[in-house]
Ligand code: BG6
Ligand code: MG
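Numbering (UniProt numbering), first residue to last: 4 to 224.
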């Protein structure tokens, strides 16, 4: 029996995935590693330092910087990202998300957030959604980021529910791996191609339907 829905934040609840992309793209150009949107799919859902390592590895530059220099590069990207999220407000919540949250509550299901972003709490407050969630697991409380299942497992544990009774919603391939690794049902939001491991994929949040998701969940379980 389904008990909880656990959301990713960036790219699912609001389009901050685009801001992460713009900030990393700039940083990549600064260090001489320009990259495509296709490569950016590999960065989605991945922690700040792991993202930087992936970009440097792409340009074969992972040995060109000291640990301190890498820290300042990551810091620089974050300052840019923070400037881009300055004016975020409830109007930036993606289509259907508020309806989905209302439906989840109406059904008596628990609501969780699993984001590896250190900016997650700030973004959730700006969106006016922080209080709605029963649990928020962010970068501060976990050891391993996505694709490791730790973050989704922790959310289930704090919600006091069996992972098998949870549905996770993600826009990132690393996030879908994390959900599936936790033994949960995965809803992907984005391209079928990059989210092929999800149990059901929607092109955008405007197509999300709790009724449909639960129907598929019940069929698979
Ligand atoms: C994830 C994003 O939610 O958080 C990634 O999908 C980002 O793109 C990661 O790198 C870490 O975010 P932050 O805010 O801690 O740099
Ligand atoms: Mg995401």
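No residue lacks a Cβ here, since even glycine has one placed at the ideal position from N, Cα and C.
Three-state secondary structure (DSSP) of residue 113: Within the chain shown, the letter at position 110 stands for residue 113. Residue 113 falls in the strand class under three-state DSSP.
Any heavy atom of the ligand BG6 closer than 7 Å to the Cβ of residue 175? Translated into the one-based positions of the chain shown, residue 175 becomes position 172. Indeed, a heavy atom of the ligand BG6 lies less than 7 Å from the Cβ.
Can you tell me where the alpha helix (DSSP H) with residue 219 in it begins and where it stops? In the chain shown, residue 219 corresponds to position 216, counting from 1. Where residue 219 is concerned, the enclosing alpha helix (DSSP H) stretches over 213–223.
Using the Cα positions of residue 216 and residue 135, report the straight-line distance between them to the nearest angstrom. Here residue 216 is taken as the residue at index 213 of the chain shown, counted from 1. Here residue 135 is taken as the residue at index 132 of the chain shown, counted from 1. One C-alpha to the other measures close to 21 Å.
Residue 20 vs residue 47 beta-carbon contact at 8 Å: Against the chain shown, residue 20 aligns to sequence position 17. Against the chain shown, residue 47 aligns to sequence position 44. Yes, the Cβ-Cβ distance between residue 20 and residue 47 is below 8 Å.
Can you tell me where the beta strand (DSSP E) holding residue 189 begins and where it ends? Here residue 189 is taken as the residue at index 186 of the chain shown, counted from 1. Here the beta strand (DSSP E) through residue 189 covers 188–192.
In chain order, each beta strand (DSSP E) run of at least 3 residues that lies wholly inside the segment 119–196: 138–140, 169–173, 188–192
Using the Cβ count rule (16 or more neighbours within 10 Å means buried), how would you classify residue 102? Numbered from 1 along the chain shown, position 99 holds the residue referred to as residue 102. Counting Cβ neighbours within 10 Å, residue 102 comes out exposed, since fewer than 16 surround it.
Mind checking which residues open and close the alpha helix (DSSP H) that includes residue 85? Stepping through the chain shown from its first residue, residue 85 is reached at position 82. Counting along the chain, the alpha helix (DSSP H) containing residue 85 begins and ends at 70–87.
Does the distance from the C-beta atom of residue 180 to that of residue 200 stay below 8 Å? In the chain shown, counting from the first residue as 1, residue 180 sits at position 177. In the chain shown, counting from the first residue as 1, residue 200 sits at position 197. Closer than 8 Å, so yes.
What do you get for residue 194, buried or exposed, if any count of 16 or more other CB atoms within 10 angstroms of its CB means buried? In the chain shown, the residue the question calls residue 194 occupies position 191. Result: exposed.
Contact under 8 Å by Cβ, residue 9 with residue 117: Here residue 9 refers to the residue found at position 6 of the chain shown. Here residue 117 refers to the residue found at position 114 of the chain shown. Yes, the pair counts as a contact, with Cβ atoms nearer than the cut-off.
Alpha carbon to alpha carbon, what distance is there between residue 104 and residue 33? The residue given as residue 33 occupies position 30 in the chain shown. The residue given as residue 104 occupies position 101 in the chain shown. Residue 33 and residue 104: Cα-Cα distance of roughly 40 Å.
So, under 8 Å CB-CB, residue 44 and residue 197 are touching, yes? Tell me the CB distance rounded to an integer number of Å. Here the question's residue 44 lines up with position 41 in the chain shown. Here the question's residue 197 lines up with position 194 in the chain shown. About 5 Å; that satisfies the 8 Å criterion.
If the criterion is Cβ atoms closer than 8 Å, does the pair residue 27 and residue 54 meet it? On the chain shown, position 24 is the one that residue 27 refers to. On the chain shown, position 51 is the one that residue 54 refers to. Yes, these two residues count as a Cβ contact at 8 Å.
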